[in-house]
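Order-wise, the sequence lines are chains L and B.
If you read the first sequence in the working numbering, its first letter stands for residue 1, the second for the next number, and so on.
If you read the second sequence in the working numbering, its first letter stands for residue 1001, the second for the next number, and so on.
The beta-carbon is built from N, C-alpha and C at its ideal position, and this holds for glycine as well.
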Amino acid sequence: MLEDFFKVVRIRMEKSYKEDVHPGVQIPKDLLFKCPRCQHTAFTEEFESARKVCTYCRYHSRLTAKERLRMTADKDSFVEMDANLSGKDPIGFPGYEKKIAELRESTSLTEAVITGHCEIRGQKTVIAIMDSHFMMASMGSAVGEKITRAFEYGVLERLPVVIFTASGGARMQEGIISLMQMAKTSAAVARHHAAGLLYITIITDPTTGGVTASFASLGDIIIAEPKALIGFAGRRVIEGTIKQRLPEEFQSAEFMLEHGFIDMIVDRPNMRRTLSSLIGMHKPKKTPGNGV
Amino acid sequence: MNISPANTSGTWKKIELIRQPSRPTVKDYIQLIFSQFYEMHGDRLFGDDEAIMGGVALFGETPVTVIGQVKGKNFEENKKHNFAMPHPEGYRKALRLAKQAEKFARPVICFVDTPGAFCGVAAEERGQGEAIAQNLMEFMQLQTPIISIVTGEGGSGGALALGICDELAMLENAVYSVISPRGCANILWKDASREKEAAELLKITAQDLKDFGICDYIIKEPPGGAHLSVGETAEAIMEYLFDALNKISQKDVAIMLQERYNKFRRIGEFEE
Ligand SMILES: [Zn+2]
């Protein structure tokens, strides 16, 4: 009996530093990566093979949604939902349609979030991944609708929802319609909670504004990546108000952990294992709760 | 984008009107519309934010909970109320009072008038984003009627945190926007002085919001604006509240909550 325990401990110790992700596809780009946080440079190849984590300061740099998906979902398990859903131009904002068209071309995304369902080490879940390369992953009609549908699908299929957030906030170019997406997504989270289902947020760099002030802050469990920027107000706005420079750690994942707004900081090599374990420990009750 | 000068002045005139110091505030409306108002203080977690006031009062014979951001009429008052820009504890106080209303089955009436949630170090440290998010989620499920009235400035997430409701009304000259016109001009043209153009562009008037299906009812102001007759404005609000509360209070709670969900669920313009 006791020996079994020791065995378990030994296995855990061996495992805990092993990586468990499918090898990412190498995209040859520039030769060097310069870390925006500590200014160290590394060979791009080295940086890529470290899952785009700075080997000096552990800054977890921004990923595309596709890179994130490859690092997170079991191979071939992802089924995309609402792939063609795209927003309109509700207030006729100058240059907005053109900008969106250009981004579709350059990022090969239709919008700033991809949603679907997948398995993470065998645990089935709804997943949404925001991509800051698409208009700073700001939330307009399309992002709001896709996130809302992801939660509604979770309720229907009694599945957890895992969201990797990144966002500059509400999408100004859609005017008041974008502000209302905060209400709409929060309403969908409320129903998913009421159904007794698990919602995990993983806050990645940067998550700010209207997304912080809605679904990103509403997870049962809130995880962040090391050194991710998390906040409501823009740093420069606050600096302008107080007329002084803010310390570097202000609004970082570590700062938010200290102030009690996130549960844990998890680095990339351990993300899949953490998510699958947590999902495994939060199976819903057999009978649906008092959800609607 | 062509903006005619007449149009430009339209939205901007409203903004000038609602920002002038003599514009009635939630304090005026509470005094004129309700009786026996007892103000409640504090979020029971950190402190009492004077940018938001709330309490219990009678509307006719009916007990109601009233919550609203507080603007001042002079610099001293504005300093006291932080120019109606709440910290997280203000939003948490609002939520506490809303839950109290739910417990005693009385309606919640929110008066929205804020440039936005406060942007500062302390607000971030105490979770401004989390406080707003909780209000959005919790008000959505609150098992008692909620009516929100934008009486002046509806500034972004800081306004929306008191804006989850069964019916949203706006005073005729009120505006409701995702970003201040100044902020928008700054981002769009790197020129804050073009805020008048931005104001027009953003489509933020009561009529714009009614056209989008977000605002349910526009409350008429006296000619020239609410400040020219606070009494008339208060009467118009009373009349609206009387009808709206009558209508919503008759609904079965489950139906009311479903309709509240649908009200926000259908907002968004997309194709697939
Ligand atoms: Zn670094």
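Does at least one heavy atom of ligand 3 sit under 7 Å from the Cβ of residue i?
| i | result |
| --- | --- |
| residue 37(L) | Ligand 3 is not part of this structure, which contains only ligand 1. |
Would you identify the three-state DSSP class for residue i, choosing helix, strand or coil?
| i | result |
| --- | --- |
| residue 22(L) | Because the pLDDT of residue 22(L) is 48, which lies under 50, any placement of that residue in the model is unreliable, and the number read from its coordinates should be weighed accordingly. DSSP places residue 22(L) in coil when its eight states are reduced to three. |
| residue 99(L) | helix |
| residue 188(L) | helix |
| residue 1222(B) | coil |
| residue 1085(B) | coil |
| residue 227(L) | coil |
| residue 167(L) | strand |
| residue 1211(B) | helix |
| residue 206(L) | strand |
| residue 215(L) | helix |
| residue 56(L) | coil |
| residue 241(L) | helix |
| residue 79(L) | strand |
| residue 129(L) | strand |
| residue 117(L) | strand |
| residue 1110(B) | strand |
| residue 1259(B) | helix |
| residue 88(L) | coil |
| residue 1181(B) | helix |
| residue 1069(B) | strand |
| residue 1018(B) | helix |
| residue 61(L) | coil |
Between residue i and the rest of its own chain, which residues show a CB-CB distance below 7 Å, the 5 nearest in sequence each way excluded?
| i | result |
| --- | --- |
| residue 116(L) | 78, 79, 80, 81 and 127 |
| residue 1049(B) | 1086, 1087, 1089, 1090 and 1093 |
| residue 1122(B) | 1087 |
| residue 1237(B) | 1029, 1033, 1149 and 1219 |
| residue 1260(B) | 1140 and 1166 |
Evaluate residue i with the Cβ neighbour count: other Cβ atoms within 10 Å of its Cβ, from every protein chain shown; 16 or more gives buried, anything less gives exposed.
| i | result |
| --- | --- |
| residue 186(L) | buried |
| residue 1144(B) | buried |
| residue 27(L) | Any reading at residue 27(L) must be qualified, since the residue scores a pLDDT of 45, below 50, and its modelled position is unreliable; the value itself is stated next. Under this definition residue 27(L) is an exposed residue. |
| residue 193(L) | buried |
| residue 262(L) | buried |
| residue 47(L) | buried |
| residue 96(L) | buried |
| residue 281(L) | exposed |
| residue 1209(B) | buried |
| residue 62(L) | buried |
| residue 1042(B) | exposed |
| residue 22(L) | Confidence is the limiting factor: at residue 22(L) the pLDDT is only 48, short of 50, which leaves the residue's position unreliable, though a coordinate-based value still follows. Flag for residue 22(L) reads exposed. |
| residue 1014(B) | buried |
| residue 1016(B) | exposed |
| residue 1240(B) | buried |
| residue 260(L) | exposed |
| residue 200(L) | buried |
| residue 122(L) | exposed |
| residue 40(L) | exposed |
| residue 55(L) | exposed |
| residue 51(L) | buried |
| residue 1272(B) | exposed |
| residue 1075(B) | exposed |
| residue 1159(B) | buried |
| residue 31(L) | exposed |
Within its chain, find whatever has a CB closer than 6 Å to the CB of residue i; leave out the 5 residues flanking it on each side and keep chain order.
| i | result |
| --- | --- |
| residue 1108(B) | 1065, 1098, 1101 and 1146 |
| residue 59(L) | 35, 37 and 227 |
| residue 1253(B) | 1143 |
| residue 1140(B) | 1164 |
Got a sec? Which residues, its chain only, sit under 8 Å from residue i by beta carbon, not counting five neighbours each side?
| i | result |
| --- | --- |
| residue 155(L) | 191, 192, 195, 197 and 291 |
| residue 69(L) | 78, 114, 118, 127 and 129 |
| residue 1234(B) | 1024, 1028, 1029, 1032 and 1033 |
Query raised in the report: For the region 1251-1262 of chain B, which residues have a beta carbon sitting closer than 7 Å to at least one beta carbon of chain L?
Result: Within the region 1251-1262 of chain B, the qualifying residues are 1261.
Query raised in the report: When Cβ atoms are compared, which residues of the region 1175-1203 of chain B fall closer than 9 Å to chain L?
Result: Going along the region 1175-1203 of chain B in chain order, one finds 1176, 1177, 1178, 1179, 1183, 1184, 1187, 1188, 1201, 1202 and 1203 with a Cβ nearer than 9 Å to chain L.
Query raised in the report: Hey, is the region 1103-1123 of chain B in contact with the region 164-171 of chain L, meaning 3+ C-beta pairs nearer than 8 Å?
Result: no
Query raised in the report: Is it true that the region 262-273 of chain L meets the region 135-153 of chain L, where meeting means three or more beta-carbon pairs spaced less than 8 Å apart?
Result: no
Query raised in the report: How do the region 1241-1252 of chain B and the region 1191-1204 of chain B stand: do at least 3 beta-carbon pairs fall below 8 Å, yes or no?
Result: no
Query raised in the report: Going along the region 1127-1149 of chain B in order, which residues come within less than 7 Å of chain L, judged by CB to CB distance?
Result: 1127, 1128, 1129, 1130, 1132, 1133, 1136, 1137, 1140 and 1141
Requested in this report: Please confirm if the region 1151-1170 of chain B is in contact with the region 1211-1226 of chain B, defined as three or more CB-CB distances below 8 Å between the two stretches.
Outcome: By the Cβ test, the region 1151-1170 of chain B is in contact with the region 1211-1226 of chain B, since at least three Cβ pairs between them sit closer than 8 Å.
**Report entry** the region 1197-1212 of chain B in contact with the region 202-214 of chain L per 3-pair CB rule at 8 Å
**Finding:** With the cut-off at 8 Å, the region 1197-1212 of chain B and the region 202-214 of chain L do not touch.
Requested in this report: Check whether the region 1036-1051 of chain B touches the region 1010-1021 of chain B, taking contact to mean three or more Cβ pairs, one atom from each stretch, closer than 8 Å.
Outcome: With fewer than three CB-CB distances shorter than 8 Å, the region 1036-1051 of chain B does not count as touching the region 1010-1021 of chain B.
Query raised in the report: Touching or not, the region 1176-1187 of chain B and the region 1147-1157 of chain B, by the rule of three or more beta carbon pairs under 8 Å?
Result: By the criterion of at least three beta-carbon pairs nearer than 8 Å, the region 1176-1187 of chain B is in contact with the region 1147-1157 of chain B.
Query raised in the report: Using a Cβ cut-off of 7 Å, which residues of the region 129-147 of chain L contact any Cβ in chain B, in chain order?
Result: Cβ contacts with chain B come from 141, 142, 144 and 145.
Query - Residues from the region 165-176 of chain L in contact with chain B, defined by Cβ distance under 7 Å - result: 170, 172, 175 and 176
Requested in this report: Pull out every residue of the region 178-196 of chain L whose Cβ sits closer than 9 Å to any Cβ of chain B, in chain order.
Outcome: Those would be 178, 179, 180, 181, 182, 183, 184, 185, 186, 187, 188, 189, 190, 191, 193 and 194, in chain order.
Query raised in the report: Between the region 86-109 of chain L and chain B, which residues of the former have CB atoms less than 9 Å from a CB of the latter, in chain order?
Result: 86, 87, 88, 89, 90, 91, 92, 93, 94 and 95
Requested in this report: Check distances from the C-beta atoms of the region 259-288 of chain L to those of chain B and list, in chain order, the residues that come in under 7 Å.
Outcome: 259 and 261
Query raised in the report: For the region 218-239 of chain L, which residues have a beta carbon sitting closer than 7 Å to at least one beta carbon of chain B?
Result: 218, 231, 232, 233, 237 and 238
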